[in-house]
Every structure is written in C-alpha cells, then in structure tokens.
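In UniProt numbering, the protein residues as written are 1 to 135. The C-beta atom is built at its ideal place from N, Cα and C for all residues, glycine as well. Heads up: the structure comes next, in structure tokens.
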C-alpha cells in the first residue's frame, strides 16, 4: 500500500482500483506493479494520468505491459502516430491495448493509411478504434 500512496493514489482511488481488481494484491510489486507503473508513466507522461487510467482499467497494474502493449506502441510509432496521440489512445481506451492482437493493429493501421487517414489526426484515432471494434 505504501507504494500506491507514494505515487499519488488517494485512499478512495486505491479502494476503487482494488475492489475492481483484487488480483493486484497478490501481484509482485517488484516484478509487475512497479514496472507497469513506470511503463505507463513513461507513455502517459504523468502519475496523475497513470492513476486516472488505472481507475478505468486496474488490470494495467499487474500485467507485463512491456510484452502486451510495447509492440503495439512501437507499431503505432513506426506508422507515424505521435506520442501525444498514443497517450490519448491509451488513456481513453486502455482495454483495447490488451484485447486487440498485434496482427489486427497492423492490418488496421495499413488500411487506414491506405484510406489517407493521417496518423496524427483525431479522425485517424476515431477511425482506428471504430475499425478495431467493428471488424
């Protein structure tokens, strides 16, 4: 609990996150929780963004995010999606980074680029999520 308080989780935030996903309590602090927090903070930019995102998707705090999300983020970078847009995508739709497979990410990115959606635009973001949700 000390770690969560040290990074800015309030008691109500912590109760919310742990009640949504009590598995966090059985997760390794050193092997999962701290690396997940560091990964998210690096991508999202601030601890406050990590906390608000974790409140929406508590599973983020006990998964190997380097393995699950890292390749998808790298793929988005490779296709010209700026960090700010990736951060927004994760904050708004964190679950999609878990459930959508990398091959689907790749296929959808290629399709959208072929349709002339610029990767730094909000229309790209909306089209990408619509595509991954409905196909």
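By the DSSP assignment, the alpha helix (DSSP H) with residue i in it spans what residues?
i: residue 109; result: 102 to 114
i: residue 53; result: 47 to 56
i: residue 118; result: Careful: residue 118 lies outside any alpha helix (DSSP H) and carries neither H nor E.
i: residue 7; result: Taken as a continuous stretch (DSSP letters only), residue 7 belongs to no alpha helix (DSSP H), as it is neither H nor E.
i: residue 71; result: 70 to 78
Can you tell me whether residue i is helix, strand or coil according to DSSP?
i: residue 131; result: helix
i: residue 96; result: helix
i: residue 123; result: helix
i: residue 83; result: helix
Would residue i be called buried (16 or more neighbouring beta carbons within 10 Å of its own) or exposed?
i: residue 102; result: exposed
i: residue 124; result: buried
i: residue 112; result: buried
i: residue 3; result: exposed
i: residue 1; result: exposed
With residue i and residue j assumed to form a contact (beta carbons below 8 angstroms), what rounded beta-carbon distance in angstroms separates them?
i: residue 41; j: residue 50; result: 5 angstroms
i: residue 65; j: residue 106; result: Between residue 106 and residue 65 the Cβ distance is about 19 angstroms, and since that is not below 8 angstroms, they are no contact.
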